[in-house]
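2 protein chains.
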Amino acid sequence: MVMCHSWCYLLLPPTFAYKLSPQGRPKACHVLHLSLNIPDAMDFDHQKQEQGRFGFCENVNARVSEFVSNVRKLGRDDPRRVVHSLKVGLALTLVSLLYYCQPLYDSFGVSAMWAVITVVLVFEFSAGATLGKGVMRGLATLLAAALAVGAHHLANLSGHIGEPILLGFFVFLQAVVFTFARFYPTIKARYDYGSVIFILTFSFISVSGYRDDEILKLAYLRLSTILIGGSTCIVISILVFPVWAGEELHNLIASNMDKLACFLQGFGHVYFEMAEDGVSKRDKSFLQGHTSVLNSKNNEENLANFARWEPGHGRFRFRHPWKQYLKIGARTRRCAYRIESLNGHLNPQAKPEIPSKIRETCSEMSLECGRALKELALAIKTMVKPFAAHVHIENSKSAAENLNSLLQSSGLLGDNMDVLQLVPVATIVSLLIDVVKCTEEIAESVHELASMVNFEAVEPTVSPEKPETGQSEPMKSSDDVNSPSIIIVIDEPSLENETSDSKSRA
Amino acid sequence: MVMCHSWCYLLLPPTFAYKLSPQGRPKACHVLHLSLNIPDAMDFDHQKQEQGRFGFCENVNARVSEFVSNVRKLGRDDPRRVVHSLKVGLALTLVSLLYYCQPLYDSFGVSAMWAVITVVLVFEFSAGATLGKGVMRGLATLLAAALAVGAHHLANLSGHIGEPILLGFFVFLQAVVFTFARFYPTIKARYDYGSVIFILTFSFISVSGYRDDEILKLAYLRLSTILIGGSTCIVISILVFPVWAGEELHNLIASNMDKLACFLQGFGHVYFEMAEDGVSKRDKSFLQGHTSVLNSKNNEENLANFARWEPGHGRFRFRHPWKQYLKIGARTRRCAYRIESLNGHLNPQAKPEIPSKIRETCSEMSLECGRALKELALAIKTMVKPFAAHVHIENSKSAAENLNSLLQSSGLLGDNMDVLQLVPVATIVSLLIDVVKCTEEIAESVHELASMVNFEAVEPTVSPEKPETGQSEPMKSSDDVNSPSIIIVIDEPSLENETSDSKSRA
Numbered sequence: 001m002v003m004c005h006s007w008c009y010l011l012l013p014p015t016f017a018y019k020l021s022p023q024g025r026p027k028a029c030h031v032l033h034l035s036l037n038i039p040d041a042m043d044f045d046h047q048k049q050e051q052g053r054f055g056f057c058e059n060v061n062a063r064v065s066e067f068v069s070n071v072r073k074l075g076r077d078d079p080r081r082v083v084h085s086l087k088v089g090l091a092l093t094l095v096s097l098l099y100y101c102q103p104l105y106d107s108f109g110v111s112a113m114w115a116v117i118t119v120v121l122v123f124e125f126s127a128g129a130t131l132g133k134g135v136m137r138g139l140a141t142l143l144a145a146a147l148a149v150g151a152h153h154l155a156n157l158s159g160h161i162g163e164p165i166l167l168g169f170f171v172f173l174q175a176v177v178f179t180f181a182r183f184y185p186t187i188k189a190r191y192d193y194g195s196v197i198f199i200l201t202f203s204f205i206s207v208s209g210y211r212d213d214e215i216l217k218l219a220y221l222r223l224s225t226i227l228i229g230g231s232t233c234i235v236i237s238i239l240v241f242p243v244w245a246g247e248e249l250h251n252l253i254a255s256n257m258d259k260l261a262c263f264l265q266g267f268g269h270v271y272f273e274m275a276e277d278g279v280s281k282r283d284k285s286f287l288q289g290h291t292s293v294l295n296s297k298n299n300e301e302n303l304a305n306f307a308r309w310e311p312g313h314g315r316f317r318f319r320h321p322w323k324q325y326l327k328i329g330a331r332t333r334r335c336a337y338r339i340e341s342l343n344g345h346l347n348p349q350a351k352p353e354i355p356s357k358i359r360e361t362c363s364e365m366s367l368e369c370g371r372a373l374k375e376l377a378l379a380i381k382t383m384v385k386p387f388a389a390h391v392h393i394e395n396s397k398s399a400a401e402n403l404n405s406l407l408q409s410s411g412l413l414g415d416n417m418d419v420l421q422l423v424p425v426a427t428i429v430s431l432l433i434d435v436v437k438c439t440e441e442i443a444e445s446v447h448e449l450a451s452m453v454n455f456e457a458v459e460p461t462v463s464p465e466k467p468e469t470g471q472s473e474p475m476k477s478s479d480d481v482n483s484p485s486i487i488i489v490i491d492e493p494s495l496e497n498e499t500s501d502s503k504s505r506a
Numbered sequence: 001m002v003m004c005h006s007w008c009y010l011l012l013p014p015t016f017a018y019k020l021s022p023q024g025r026p027k028a029c030h031v032l033h034l035s036l037n038i039p040d041a042m043d044f045d046h047q048k049q050e051q052g053r054f055g056f057c058e059n060v061n062a063r064v065s066e067f068v069s070n071v072r073k074l075g076r077d078d079p080r081r082v083v084h085s086l087k088v089g090l091a092l093t094l095v096s097l098l099y100y101c102q103p104l105y106d107s108f109g110v111s112a113m114w115a116v117i118t119v120v121l122v123f124e125f126s127a128g129a130t131l132g133k134g135v136m137r138g139l140a141t142l143l144a145a146a147l148a149v150g151a152h153h154l155a156n157l158s159g160h161i162g163e164p165i166l167l168g169f170f171v172f173l174q175a176v177v178f179t180f181a182r183f184y185p186t187i188k189a190r191y192d193y194g195s196v197i198f199i200l201t202f203s204f205i206s207v208s209g210y211r212d213d214e215i216l217k218l219a220y221l222r223l224s225t226i227l228i229g230g231s232t233c234i235v236i237s238i239l240v241f242p243v244w245a246g247e248e249l250h251n252l253i254a255s256n257m258d259k260l261a262c263f264l265q266g267f268g269h270v271y272f273e274m275a276e277d278g279v280s281k282r283d284k285s286f287l288q289g290h291t292s293v294l295n296s297k298n299n300e301e302n303l304a305n306f307a308r309w310e311p312g313h314g315r316f317r318f319r320h321p322w323k324q325y326l327k328i329g330a331r332t333r334r335c336a337y338r339i340e341s342l343n344g345h346l347n348p349q350a351k352p353e354i355p356s357k358i359r360e361t362c363s364e365m366s367l368e369c370g371r372a373l374k375e376l377a378l379a380i381k382t383m384v385k386p387f388a389a390h391v392h393i394e395n396s397k398s399a400a401e402n403l404n405s406l407l408q409s410s411g412l413l414g415d416n417m418d419v420l421q422l423v424p425v426a427t428i429v430s431l432l433i434d435v436v437k438c439t440e441e442i443a444e445s446v447h448e449l450a451s452m453v454n455f456e457a458v459e460p461t462v463s464p465e466k467p468e469t470g471q472s473e474p475m476k477s478s479d480d481v482n483s484p485s486i487i488i489v490i491d492e493p494s495l496e497n498e499t500s501d502s503k504s505r506a
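From first to last, the protein sequence lines are chains A and B.
Per full-length UniProt numbering, the very first residue in the first sequence carries number 1; after that it's consecutive.
Per full-length UniProt numbering, the very first residue in the second sequence carries number 1; after that it's consecutive.
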């Protein structure tokens, strides 16, 4: 900031004397106007000009400092981004050794640039994406090179004039077929990159082969340098601080559930004005968390596609049921739609007067659903069977039944409440019941996942019993403060961070 | 199918005689078992084996025919896909002339392959995407080539040993910086491809320059061949049956609205059991149309990013306010969330008994909202000011007010209805009121768009008047059959098609 100001200062004509305030902003320069006796209009113009000059400078300053702070935040939010950039730099420097080392250059020559190009195009943030692209590039090159060599030989047979015509026809034909194939949904989702590389290699080798007599050597050089580049990427991506798409997906699904849980717990407290558990009434930021869940479909699908390529790592074996995560994700999103509708009714100005009994029961439903989702998120995150979630869901269901009997009791619609006042209450009740149903569905799919991959069974010390119907007292479970199994509660802020990162990367 | 069966037939031992049913499926072969007297267990095994063989064959057959019909459907749904494939083939064949024509080959040599690679990587379905990628590739190559030549000269100064070290350091540094830059949201959204090409060109030219003394020539050849490839793509993409991303976005937004309108009109008829206007009660397919709207965010943002690159075309000038479309899209999606919640209540088994007056008013609200959205979709599609939408929104608002007074009237909660029955009704009422609000917001943003780009003002011949509050008779507007302005109604099925296409392509 200071540098830029002194630079501006140097640009000004020498007769102009400016005072800089302690904050570095120029003050209106009265001294100058008095000494030069410039008429008012001109004076104003000059002032504007100078202010403009300073304004521009400040603008640039502000933008640069905003940019710098954004860049810092990018790195601070997820240091793996910095590590990834260093990994790409390392891989690129390694493959450029093919040029710098004489023995290597002797064997590959200018074809070494394919290794450089492969590194730039194949190296992705997650190991799965890098593996997928690398393997696809290798296979597509192999297949296309073989076909191109065949096409070249075929074209060779047709004489000097026929050769370029036939080659051109082959190039045209394969480009049309594979470009059209890229519209096919399965190919588009999984093998899009492979199709592009096929078209590229086939065209390149069959066309180059027309000029280069050693077409087999050309194909071999392209294939071997691509294999060198691809394997460099894959090795560095997997061995040096790997980022696993599977783990990202796993964390994203858990954190999405956690966001819905935060909303429901906040809704239980804020809407029904019960600031218990130390939640401040003004802290309503958690009510926006669910919006990112609404649009997470693409991200989840991409991560699942990448995860399919990854070998076993950490708690995930090869062929981990990633599809099940998509199912859980879809159900979480359906719940988020209901929550978005609920959110539309969170208007403190038009808050209806709700009979206290209904308020309590609604709050309980919301809180219990929130607790259940928190348990489920935690269960996924730690890969431990979600015993306690069942209890919370039963609690919320019994609260819903309580609500039914409360609404049925004739005393409710007294003099204080007419039907019109009941409408918003009924809506919230109804949406909450929907949310309970959605939560149950989510729990079901999490249980399916738990049995598919054998989640660890850590029984809570206080064994939960099924509550009787209509029971109003919520049952104790692992997230209550005095329960011994509280030890598995993990740091939630990190959950938040991971999602926002993986989102921005999708 | 017949071919495959005869092939299977040939594979069987000669003693086996099979009967093919008229559908080509093998029948259980009783003749065979009688003549060979095979014991039952073996017989069963053989049967299974043969069935397995036929089963496999049929399986392959079924898959192939399914694939073929899918491919046909792909082309039939959107013939532009076939045209695009042909365009890519044409462009690739054109640039491969750089190899086949001696004079062209004399000037470019093997560098001609960059033109081939550029075509494969740059040619996209929409003109905007092709233009964006082409221009970015050109600019990034120019900038990176200039910097790489500079870096090469700098490294040259540092002697024989220092040169590769300094070059390697430069390559490492730019790879790290630009890979990290790709995480920056603005760069990621708009200049991701440019960054990749920058890294690629810089590495390629600075590293190749170490071996090739004519680094300037190398940079010039790469740049010129990339320009040839890029401009071929851009020219073909724009001149031969162009597909405009802007038009796609325009149609997508209109068709998304149309889908919501279909839902609301269907909901008005089906849920409230009023099969008027010839809508069959069983035809409930339109109730699923809105699900694709829920996840259209990514698609819309991509199309808007591509559309920014496009020159003026048809009814759209350069710098058409594409951002406004995103705003309308976001509001449409918000409405879709409410509709998804409404959809959860469309359970014919648990349909509550609703007093007929409420039912009628709810139905009217839903129908009027649907009509308003249809008008708005039509207005966008035809770029004509949406006069009639206002009328329908006012109608739905007055229906909502009617509903209020209906609910307030004490006679409603008679002996036939208790509070519990009221809950689902109240929820639907409340969600419909939300939908009315959302529709109003959508209308507002469409009006903003209409004033930004000067939509044509085709006043309806029957000038709509503002209805009085509480008026129950809906006002006439342009979508009523007898109105003269019915002429602007366009074919709706095409709307549906366009969206599904552009979605699958996103």
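No residue lacks a Cβ here, since even glycine has one placed at the ideal position from N, Cα and C.
- Counting C-beta pairs with one atom in each stretch, the segment 224-233 of chain B and the segment 96-112 of chain B have three or more that are closer than 8 Å, which means they touch.
- A straight-line Cα-Cα distance of about 12 Å links residue 207 of chain B and residue 105 of chain A.
- Assignment of residue 316 of chain A by DSSP, reduced to helix, strand and coil, places it in the strand class.
- In the three-state scheme derived from DSSP, where H, G and I count as helix and E and B as strand, residue 456 of chain A is classed as strand.
- Residue environment for residue 265 of chain B: buried (at least 16 other C-beta atoms within 10 angstroms of its C-beta).
- Around residue 204 of chain B, the beta-carbon contacts reaching into chain A at under 9 Å are 113, 116, 117 and 120.
- Neighbours of residue 211 of chain B across chain A, judged by C-beta separation under 8 Å: 99, 105 and 110.
- Of all alpha-carbon atoms in A:299, A:308, A:259 and A:311, the one lying nearest the alpha-carbon of residue 291 of chain A is that of A:259.
- Where residue 114 of chain B is concerned, the enclosing alpha helix (DSSP H) starts and stops at 112-122.
- Look at the beta carbons and you see the segment 433-449 of chain A not touching the segment 429-442 of chain B: under three pairs across the two are nearer than 8 Å.
- When DSSP states are grouped into helix, strand and coil, residue 384 of chain B belongs to the strand group.
- Contact annotation: in the segment 168-181 of chain A, residues whose CB is within less than 9 Å of a CB in chain B are 168, 169, 171, 172, 173, 174, 175, 176, 177, 178, 179, 180 and 181.
- Residue 126 of chain A sits close to residue 245 of chain A, with the two beta carbons spaced by under 8 Å.
- Shortest Cα-Cα distance from residue 218 of chain B to any of B:382, B:131, B:122 and B:142 involves B:142.
- Listed along the chain, the chain A residues whose CB falls inside 9 Å of the CB of residue 426 of chain B are 419, 422, 423, 424, 425, 426, 427, 429 and 430.
- Sequence-distant partners of residue 303 of chain B (beyond 5 residues in either direction) whose C-beta falls short of 6 Å from its own C-beta, in its chain, are 245, 248 and 249.
- The residue among A:172, A:379, A:229 and A:361 with its C-alpha nearest the C-alpha of residue 402 of chain A is A:361.
- At a beta-carbon threshold of 9 Å, none of the residues of chain B lie near residue 187 of chain A; the nearest stands roughly 11 Å away.
- Around residue 214 of chain A, no beta-carbon contact reaches into chain B at under 7 Å, the shortest distance being about 13 Å.
- Taking all protein chains shown into account, residue 101 of chain B has fewer than 16 neighbouring C-beta atoms within 10 Å of its C-beta and is therefore exposed.
- For residue 156 of chain B, the enclosing alpha helix (DSSP H) has its first and last residue at 127-156.
- When rounded, the separation of the alpha-carbon atoms in residue 389 of chain B and residue 269 of chain A is 40 Å.
- Take the alpha-carbon of residue 78 of chain A and the one of residue 199 of chain B: they are about 22 Å apart.
- The straight-line gap separating the alpha-carbon atoms of residue 309 of chain B and residue 374 of chain A is approximately 45 Å.
- Between the C-alpha atoms of residue 195 of chain A and residue 321 of chain A there is a straight-line separation of about 26 Å.
- DSSP places residue 286 of chain B outside any alpha helix (DSSP H), giving it a letter other than H or E.
- Going by DSSP, residue 305 of chain B is part of the alpha helix (DSSP H) stretching over 297-307.
- Residue 288 of chain A is not a Cβ neighbour of residue 445 of chain A, given a cutoff of 8 Å.
- Taking the Cβ atoms as the reference, residue 457 of chain A lies roughly 16 Å from residue 381 of chain A, outside the contact range of under 8 Å.
- With the criterion set as a beta carbon lying under 7 Å from some beta carbon of chain A, the members of the segment 332-344 of chain B are 337, 338, 340, 341 and 344, in sequence order.
- Out of A:293, A:215, A:189 and A:190, the CA that lies nearest to the CA of residue 201 of chain A is found in A:215.
- Interface flag for residue 83 of chain B against chain A is unset, since no Cβ pair is found closer than 8 Å.
- According to the DSSP assignment, residue 233 of chain A belongs to the alpha helix (DSSP H) that extends over 215-239.
- Taking every protein chain shown into account, the CB of residue 316 of chain B has 16 or more other CB atoms within 10 angstroms, so this residue is buried.
- Any Cβ of chain A closer than 8 Å to the Cβ of residue 439 of chain B would place that residue at the interface, and such an atom is absent.
- Close to residue 232 of chain A, with beta-carbon spacing below 8 Å, lies no residue of chain B; the smallest spacing is near 13 Å.
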